[in-house]
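Since the structure comes first, as structure tokens, the remarks are kept for the end.
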Amino acid sequence: DAKTTQPNSMESNEEEPVHLPCNHSTISGTDYIHWYRQLPSQGPEYVIHGLTSNVNNRMASLAIAEDRKSSTLILHRATLRDAAVYYCIWMGYSTLTFGKGTMLLVSP
Amino acid sequence: KAGVTQTPRYLIKTRGQQVTLSCSPISGHRSVSWYQQTPGQGLQFLFEYFSETQRNKGNFPGRFSGRQFSNSRSEMNVSTLELGDSALYLCASSLAKYSGGKNTGELFFGEGSRLTVL
Numbered sequence: 001d002a003k004t005t006q007p008n009s010m011e012s013n014e015e016e017p018v019h020l021p022c023n024h025s026t027i028s029g030t031d032y033i034h035w036y037r038q039l040p041s042q043g044p045e046y047v048i049h050g051l052t053s054n055v056n057n058r059m060a061s062l063a064i065a066e067d068r069k070s071s072t073l074i075l076h077r078a079t080l081r082d083a084a085v086y087y088c089i090w091m092g093y094s095t096l097t098f099g100k101g102t103m104l105l106v107s108p
Numbered sequence: 001k002a003g004v005t006q007t008p009r010y011l012i013k014t015r016g017q018q019v020t021l022s023c024s025p026i027s028g029h030r031s032v033s034w035y036q037q038t039p040g041q042g043l044q045f046l047f048e049y050f051s052e053t054q055r056n057k058g059n060f061p062g063r064f065s066g067r068q069f070s071n072s073r074s075e076m077n078v079s080t081l082e083l084g085d086s087a088l089y090l091c092a093s094s095l096a097k098y099s100g101g102k103n104t105g106e107l108f109f110g111e112g113s114r115l116t117v118l
């Protein structure tokens, strides 16, 4: 199974950095790691993805461990609009399991 | 450009009935995938279509089926509905960048079709 493990919830204060961890110990060498987030009453929204090296975009950074068994999504300065459920998934060939994700709570 | 459109947004059915949900992908996207989201199981992958062919399938019974048309629009059908089929059904489209047989492209999700089975 394309299984990922994430903490159920995390809390942050506004303007502070947030590091959201994900364990994907059974990932294969060619599977990309994707992160999506879901705000209430909306479909998931793409955040970032990568294969081996760290990746940056306007929304976040993705740090991938050298052995690729884990990754960390970094929000450099959390805002109230970042409060959402964050899903780490890896795009395996025949299975795609989002898991329960991490609910990020952001306090003003 | 227009996003992924799913219809209907809400529907109520009774056990034993069947339902068809529709998904119009973003223009130019040839891959469409479907997901079921429930509070207990989270987001689960149903199937993926590319150029009218099913490429991948999740672990769901045969009551769940889908198809894709030549214009990339997709439908999914659930027959003989059960109470446990109550869920938010999400569709996502993608440019489908296949690498090693796997779609590595970014997924764009619709807002979903919320099905309630009574």
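Chains as they are written, first to last, in the working numbering: chain A, 1 to 108; chain B, 1 to 118.
Backbone N, C-alpha and C define an ideal beta-carbon position, used for all residues, glycine too.
Here the structure is a predicted model, which is why all the values come from computation and not from measurement.
Return helix, strand or coil for residue i, following the three-state DSSP convention.
i, result
"B:Arg15", "coil"
"B:Gly84", "helix"
"B:Arg67", "strand"
"B:Leu107", "coil"
"A:Arg81", "helix"
"A:Leu105", "strand"
"B:Leu118", "coil"
"A:Met10", "strand"
"A:Asn57", "coil"
"B:Phe47", "strand"
"B:Lys128", "Because chain B here runs from 1 to 118, residue 128 of chain B falls outside it and cannot be looked at."
"B:Gly40", "coil"
"A:Ala65", "coil"
"A:His19", "strand"
"B:Thr20", "strand"
"A:Leu73", "strand"
"B:Glu75", "strand"
Using the Cβ count rule (16 or more neighbours within 10 Å means buried), how would you classify residue i?
i, result
"B:Ser24", "buried"
"A:Glu66", "exposed"
"B:Gln54", "exposed"
"A:Ser9", "exposed"
"B:Phe108", "buried"
"A:Phe98", "buried"
"B:Phe69", "exposed"
"A:Gln42", "exposed"
"A:Gln6", "buried"
"A:Arg58", "exposed"
"A:Ile64", "buried"
When you compare only the Cα positions, how much space is there between residue i and residue j?
i, j, result
"B:Ser93", "B:Asn71", "13 Å"
"A:Ser94", "A:Tyr32", "Caution applies to A:Ser94, whose pLDDT of 46 falls short of 50 and renders its modelled position unreliable; the model cannot decide the point."
"B:Glu48", "A:Ile27", "20 Å"
"B:Met76", "B:Ile26", "17 Å"
"A:Val18", "A:Cys88", "15 Å"
"B:Ser65", "B:Cys91", "13 Å"
"A:Ser107", "A:Leu51", "32 Å"
"B:Pro8", "B:Leu115", "9 Å"
"B:Leu88", "B:Gln36", "6 Å"
"B:Phe50", "A:Thr102", "30 Å"
"A:Leu20", "B:Gly16", "42 Å"
"A:Glu11", "A:Asp82", "11 Å"
"A:Val47", "B:Leu43", "17 Å"
"A:Pro40", "A:Ala78", "17 Å"
"A:Glu15", "B:Gly40", "32 Å"
Run the proximity test for residue i: is its beta-carbon closer than 6 Å to any non-hydrogen atom belonging to the ligand FMN?
i, result
"B:Gln44", "Ligands are entirely absent from the displayed structure, and the ligand FMN is therefore not among its contents."
### Task
Quick one: which residues of the segment 31 to 45 of chain B get their C-beta closer than 8 Å to a C-beta of chain A? List them in chain order.
Ser33, Tyr35, Gly42, Leu43, Gln44, Phe45
### Message
Quick check for students: name the residue ranges of the alpha helix (DSSP H) that lie wholly in the segment 26 to 53 of chain A, counting only runs of 4 or more.
### Response
none
### Task
Could you run through the segment 35 to 68 of chain A and flag, in chain order, every residue whose CB is less than 9 Å away from some CB of chain B?
Tyr36, Gln38, Ser41, Gln42, Gly43, Pro44, Glu45, Tyr46, His49, Leu51
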